[in-house]
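S.K.: If you read the sequence shown in the numbering used here, its first letter stands for residue 1, the second for the next number, and so on.
Virtual Cβ for every residue (Gly too), placed ideally from N, Cα, C.
I am attaching a structure below and will ask some questions about it afterwards.
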Amino acid sequence: MQRFGRWRRNLPTLVLACALAGSAGLSPLPGLQAQTPPVPCADLPNAVLVPGTTDVKPFLARVAGQLAGAAAAQQLTIVYQAMGSCTALEPVLGNATVTGDAVYWTPNGEERTCTLGAGALPDLALSDVTIETCTGAPAPARISQSASMVQPFGFVVPPASSQTAITAAEAYVLFRYGTAAGKQVAPWTDPALVAIRTPASSTQLLIGLAAGVRGTQFSPNLTNVSAGSSAVVAKVAAENATGNAERTIGILSAQRYDENRDKLRMLAFEAYRQQCLGAVYPDATATSFDKRNVRDGHYAIWGYLWAVARTDPEGLAPPRAQKFLSFLNGTLDVPGLDLVAETAKAGAIPACAMTVQRTTDGGPLLPYTPAEPCACRFELATTGSTPCVPCPDGTCATGLCRGGYCETL
């Protein structure tokens, strides 16, 4: 208290010294530098306002700067406001404005903040689940939803945890009963150490579908709820050195996990009717990045990234939204931007690298043969090598030459 009192008595002198330093042309203290106010989002060139799932940010951070610096025909400024998937759909479905601040990326990839002022109508929304999963009803008239990349999800624990796997049945008990007495799954017996999301989150909805309990019906005992994935990362990682690592578990997307592997570990997952195979990771091993078990249908927890937009009577979205949709589905070529590689390095999977597909969230897996396969390029981006045969002259003894490699079907 005495030290605080002496500091207060010297405050006028400190303020005077700072004022004199400023008048003398000296630099202010780093922490006192004036902050540049956010620019209006509407003033950004070719701005596309995108409320979207928090799990897509690693991908946007990789591509938005390149889109911002692209030539005029491809140039877009992605203005992104992060939220749960179902929450992101609401302003598009309801034709309502979004307010507050958003982020965008400059051509050099720097993330900055802009302000939406009194509010603006979104151009489209990005969600890891469909309109049907969020609302329980089909998409309304003049609303389009198109699938692009695949996003895996899973269970994460602190590095100090000895746990390596969880089954769908164990996840059901954990989420349905919330560690209630007599219905516990050791070692996750403390509800305060089970980090979940909200019922509007695709992470919770898709993991719930895999476990057999709706994401909207998790036990009320589970109160450690986060609106965003970054908070789940922070909460789970924070328990690594508290003595609670063994009892801590959270749910997360692969994109968010891959950028935080130094802080977390993902558990292998055993789906229902998968006892013979046992638990598997999204990747071939706990330390690889190839998403092999997702791509070949052995890992069950994944969904598509859905772009949802309002359309005109002909089914077309507004021009800037349509341009971004074309980029996501691979029909808009941006020179120098490798969409397959950027998707892979963000922790997601381009649909062209998959051999299975789904028609509904959490639905059964069906065989899939992409029209333009890209598994070779995906593996090259994630592992640094590929067993595929190069095809510099555009021909292959077997398969199709795509992206410089012979893709087998």
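With DSSP as the reference, please indicate the residues paired to I196 in a beta bridge.
M.R.: Answer is V225.
S.K.: Should A381 and V340 be called a contact, given that it needs their Cβ atoms to be closer than 9 angstroms?
M.R.: Yes; because the gap between Cβ atoms is below 9 angstroms, this pair is in contact.
S.K.: P28 by DSSP, collapsed to three states: which one?
M.R.: Legend: pLDDT at P28 = 48, less than 50; position of this residue unreliable, value from coordinates given subsequently. Coil, per DSSP.
S.K.: Who does C401 pair with in a DSSP beta bridge?
M.R.: Answer by DSSP bridge pairing, in chain order: C406.
S.K.: Would you say the beta carbon of T355 is closer than 8 angstroms to some non-hydrogen atom of the ligand GDP?
M.R.: No copy of the ligand GDP appears in this structure; indeed no ligand is present at all.
S.K.: What ranges does the beta strand (DSSP E) occupy inside the region 310-361, keeping only unbroken runs of at least 3 residues that lie completely in it?
M.R.: DSSP runs (the beta strand (DSSP E)) wholly in the region 310-361: none.
S.K.: What's the C-alpha gap between A423 and V233?
M.R.: Outside the shown range of the chain (1 to 409) lies residue 423, about which nothing can therefore be said.
S.K.: DSSP three-state call for Y153: helix, strand or coil?
M.R.: Here the sequence assigns Phe to residue 153, which means Tyr is not the residue at that position. Of the three classes helix, strand and coil, the one that applies to F153 here is strand, per DSSP.
S.K.: Relative to the C-alpha of P313, which residue among A271, G208, G65, A141 is closest?
M.R.: Cα-wise, what sits closest to P313 is A141.
S.K.: By the 10 Å Cβ neighbour count, where 16 or more other Cβ atoms means buried, how is N260 classified, buried or exposed?
M.R.: Answer is buried; the Cβ neighbour count reaches 16.
S.K.: Taking A410 and F378 to be in contact with their CB atoms under 8 angstroms, please state how far apart those CB atoms are, rounded to whole angstroms.
M.R.: Any question about residue 410 goes unanswered here, given that the chain covers just 1 to 409.
S.K.: Kindly list the residues whose CB is nearer than 8 angstroms to the CB of V92, restricted to its own chain and excluding five residues on each side of it in sequence; keep chain order.
M.R.: These residues qualify, in order along the chain: P51, P122, L124, A125, I143, V308, A309, R310.
S.K.: Specify, as a first and last residue, the run of the alpha helix (DSSP H) that G47 falls within.
M.R.: Residue identity differs from the one stated: residue 47 is Ala in this sequence, not Gly. Premise fails: A47 lies in the beta strand (DSSP E), 47-53, not in any alpha helix (DSSP H).
S.K.: Thinking C-alpha only, which one of V150, D290, T189 is nearest G384?
M.R.: When only C-alpha atoms are compared, the closest one is D290.
S.K.: Three Cβ pairs or more, each shorter than 8 angstroms: is that satisfied between the region 72-90 and the region 56-64?
M.R.: Yes, the region 72-90 touches the region 56-64.
S.K.: Helix, strand or coil, according to DSSP, for Q184 in the structure here?
M.R.: Looking at Q184 - three-state DSSP - the assignment turns out to be coil, as it is neither helix nor strand.
S.K.: Between which residues of its own chain and C376 is the CB-CB distance below 6 angstroms, once the five residues before and five after are set aside?
M.R.: Only T386, C388, Y405, E407 meet the Cβ criterion.
S.K.: As an exercise, report each continuous beta strand (DSSP E) stretch of at least 3 residues that is fully enclosed by the region 55-86, in chain order.
M.R.: If we require 3 residues or more, the beta strand (DSSP E) runs fully inside the region 55-86 come out as 77-83.
S.K.: Please list the terminal residues of the continuous alpha helix (DSSP H) segment that includes E132.
M.R.: E132 -> alpha helix (DSSP H) spans 131-135.
S.K.: Since I believe P187 is in contact with N221 (beta carbons under 8 angstroms), could you give me their beta-carbon distance rounded to a whole number of angstroms?
M.R.: Not quite, the Cβ-Cβ distance comes to about 16 angstroms (not below 8 angstroms), so this is no contact.
S.K.: Using a Cβ-Cβ cut-off of 6 angstroms (strictly less than) and excluding sequence neighbours within five positions of A21, which residues of its own chain qualify?
M.R.: With a pLDDT of only 40 at A21, under 50, the local geometry of the prediction cannot be trusted, and no value is derived from it.
S.K.: For S23, count the other beta carbons within 10 Å of its own beta carbon; 16 or more makes it buried, fewer makes it exposed. Which is it?
M.R.: For S23, the pLDDT reaches just 40, beneath the cut-off of 50, and the residue's location in the model is therefore unreliable, leaving the point undetermined.
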